[in-house]
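Contents: one structure, followed by commentary.
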Amino acid sequence: MEKMIKQTLRDTFEEIAVALETGSFGKKTRVGLTLLGSEHGPQELLKGAEMAQNQNADLEVVVIGHGVKTSLVLVEADDDEKAHQIMDTMLMSGELDAAVTLHYNFPIGISTVGRVITPGMGKEMLIGTTTGTSDTQRIAAMIKNTIGSVATAKALGMPDPKVGILNIEGARVVEKSLKKLQAAGYSISFTESARADGGVVMRGNDLLQGVPDIMVMDSLTGNVMMKMFSAYSTGGSYESLGFGYGPGVGEGQDRIIGIISRASGAPVVANAIRYMASCAQGNLLGMIKNEFEAAKAAGLKEILDSLVASEKSVSAQAKEVVCPPEKTCTADIPGIEILDLEDAVHELWKAGIFASSGMGCTGPIVMMAEEDYEKSKVILHEKGYI
Numbered sequence: 018m019e020k021m022i023k024q025t026l027r028d029t030f031e032e033i034a035v036a037l038e039t040g041s042f043g044k045k046t047r048v049g050l051t052l053l054g055s056e057h058g059p060q061e062l063l064k065g066a067e068m069a070q071n072q073n074a075d076l077e078v079v080v081i082g083h084g085v086k087t088s089l090v091l092v093e094a095d096d097d098e099k100a101h102q103i104m105d106t107m108l109m110s111g112e113l114d115a116a117v118t119l120h121y122n123f124p125i126g127i128s129t130v131g132r133v134i135t136p137g138m139g140k141e142m143l144i145g146t147t148t149g150t151s152d153t154q155r156i157a158a159m160i161k162n163t164i165g166s167v168a169t170a171k172a173l174g175m176p177d178p179k180v181g182i183l184n185i186e187g188a189r190v191v192e193k194s195l196k197k198l199q200a201a202g203y204s205i206s207f208t209e210s211a212r213a214d215g216g217v218v219m220r221g222n223d224l225l226q227g228v229p230d231i232m233v234m235d236s237l238t239g240n241v242m243m244k245m246f247s248a249y250s251t252g253g254s255y256e257s258l259g260f261g262y263g264p265g266v267g268e269g270q271d272r273i274i275g276i277i278s279r280a281s282g283a284p285v286v287a288n289a290i291r292y293m294a295s296c297a298q299g300n301l302l303g304m305i306k307n308e309f310e311a312a313k314a315a316g317l318k319e320i321l322d323s324l325v326a327s328e329k330s331v332s333a334q335a336k337e338v339v340c341p342p343e344k345t346c347t348a349d350i351p352g353i354e355i356l357d358l359e360d361a362v363h364e365l366w367k368a369g370i371f372a373s374s375g376m377g378c379t380g381p382i383v384m385m386a387e388e389d390y391e392k393s394k395v396i397l398h399e400k401g402y403i
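Per the working numbering, the sequence shown starts with residue 18, numbered consecutively.
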C-alpha cells in the first residue's frame, strides 16, 4: 500500500511539473485535421498541425490521413470520403472536440464564419460568411449570417461584438431587418463606418481597417474576401495569413467543423486549428442555439416571411405603375438598397412624381426634380426605403 501511495505521489508531482512547464492544466482540447486534398500536399498540412501542437499547450492535435510520419496521433484514411467519415464519427462520439478539413459539404442552412487579419491596422475581423449557404434567399441568408457570426464572436470571448454590413446588394434591407430585431429585443450592436458619412454599411476602407468585429456579407463575396486577405502578399497560390474559412454555423449544427482551402499554407492551418479549439472551448454550439432562439423571440421568422411576401407584392405592383411626365432631375436621395431601387422609383411614380435611379459616390440614389425632393423624402421614409 505504501509503495502504491509513493508511486501515485510521484505520478502526481510529474503531472504538476509538466503542467507548470507547459502552462497547460486540465483536459486538453482535441482537434482533428484531415490531411488530404491540399494543393500543397499532405506534408504542408502536417506542418500546420505540428505548428499548432507546438504553439498551444492546451491542445492535442489528431491528424487523419496517410503517407506521413509524425509524433502526433495519426488515424489512417486512404481518401477524402473515408477521412470525413472518420472525422464525423470521432466528433459525434466525443473523441474530437472540433475538426479542420477541406472539401466538406454542409447542408443548406449552414455557412462558415471566416477570420482574417486586416492589413490596415493588423486587427482581427470575422467575415460572415465565407462558404456554404445559410438560406436560398439572399437577404435571409445575410440576416442568418449575422446571427451565426455573433454566436461565433461570443464563443471567442467577445460579449458584445460590433457588426458592420458590407456595401453590397441587400445591405440596406439587411440593416433594416436587423434593426427591427434589435428594436424587438434582440441584443445586437452596430459599428460606424470610418468614412466621414458613417453608418452601419461598410466600404472597402472599413474592410482594410477592420472597423467592425463582424463584417456581414453573402458567402460568395465572403469567399473572395477570404482569398484576398489570406493570399494578397503571396500572389494568390499560397494562403499565408489568417485563420481559415471558419466553422459551419446555423440552426441544428451539431459539430464544430472548420474549413480551410486547397491553397491554405501551414500558418493558416495552424491558426485554423487554434480557431476551432477556441470555438470548442467557448461552447460555439450552445452559443448558436442561444442566438437563434433570441432572434426568433424577437420576430426573426416574421421578418423573413415578410421579405418573401414583399418580393411578390412589389412584383405584382410594378406591372401597374405608369411613369409621370419627365422632368430634369437635380436632387437625389441616397441610402436606398440597390435591390429596392426600382421599387422606390415606382413608389414615387405612383404619387405622380417623376423619378429615376442612379448611382452616386456612396451607392444607389433616387433622383427627382428639386421641387419634388421634400415630398419624395417623406414618401420614401413612410414606405421604409430610407
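Every residue, glycine too, gets a C-beta built ideally from N, C-alpha and C.
Three-state secondary structure (DSSP) at LYS85? Sequence check: residue 85 is Val here, not Lys. Note: VAL85 maps to coil in three-state DSSP.
Looking at the strands, I want to know which residues DSSP matches up with GLU359. For GLU359, which the question treats as bridged, DSSP gives no partner whatsoever.
8 Å Cβ cutoff met for ALA283 and LEU198: no
Measure the Cβ-Cβ separation of THR129 and THR153 and say whether it is below 8 Å. no
Any idea what DSSP makes of ILE290, helix, strand or coil? helix
Residue span of the alpha helix (DSSP H) that contains ARG272, given as start and end: Premise fails: ARG272 is in no alpha helix (DSSP H) and is neither H nor E.
How long is the line joining the alpha carbons of VAL79 and LYS400, rounded to whole angstroms? 56 Å
Would you report the Cα separation of THR347 and GLU364, rounded to the nearest angstrom? 19 Å
Residue closest to GLY269, alpha-carbon to alpha-carbon, out of GLY263, ARG279, ILE305: ILE305
Would you call the region 248 to 265 and the region 224 to 233 touching, i.e. three or more CB-CB distances under 8 Å? no
Apart from the five residues on each side of it in sequence, which residues of its chain come closer than 7 Å, Cβ to Cβ, to ILE164? GLU308, PHE309, ALA312
How is ARG47 classed by DSSP in three states: helix, strand or coil? strand
So, are the CB atoms of LEU321 and ILE160 less than 8 Å apart? yes
On the criterion of 16 or more Cβ atoms from any shown chain inside 10 Å, does ARG291 qualify as buried, or is it exposed? buried
Thinking THR208 and GLY181 are a contact (beta carbons under 8 Å), I'd like their distance in whole angstroms, please. 5 Å
Just to confirm, is the Cβ distance from VAL85 to PRO59 under 8 Å? yes
Helix, strand or coil for ALA151? Go by DSSP, reduced to three states. Here the sequence assigns Ser to residue 151, which means Ala is not the residue at that position. It is coil, neither helix nor strand.
Taking PHE350 as part of the beta strand (DSSP E), name the residues at either end of that continuous run. It should be pointed out that residue 350 corresponds to Ile in this sequence rather than to Phe. Its beta strand (DSSP E) spans residues 348 to 351.
Let me confirm a value: TYR249 is counted as buried when at least 16 other C-beta atoms fall within 10 Å, else exposed. Which label applies? exposed
Beta-carbon proximity check, ALA158 vs ALA315, cutoff 8 Å: no
Candidates GLU343, VAL338, GLN298: which alpha carbon is nearest LEU76's? GLN298
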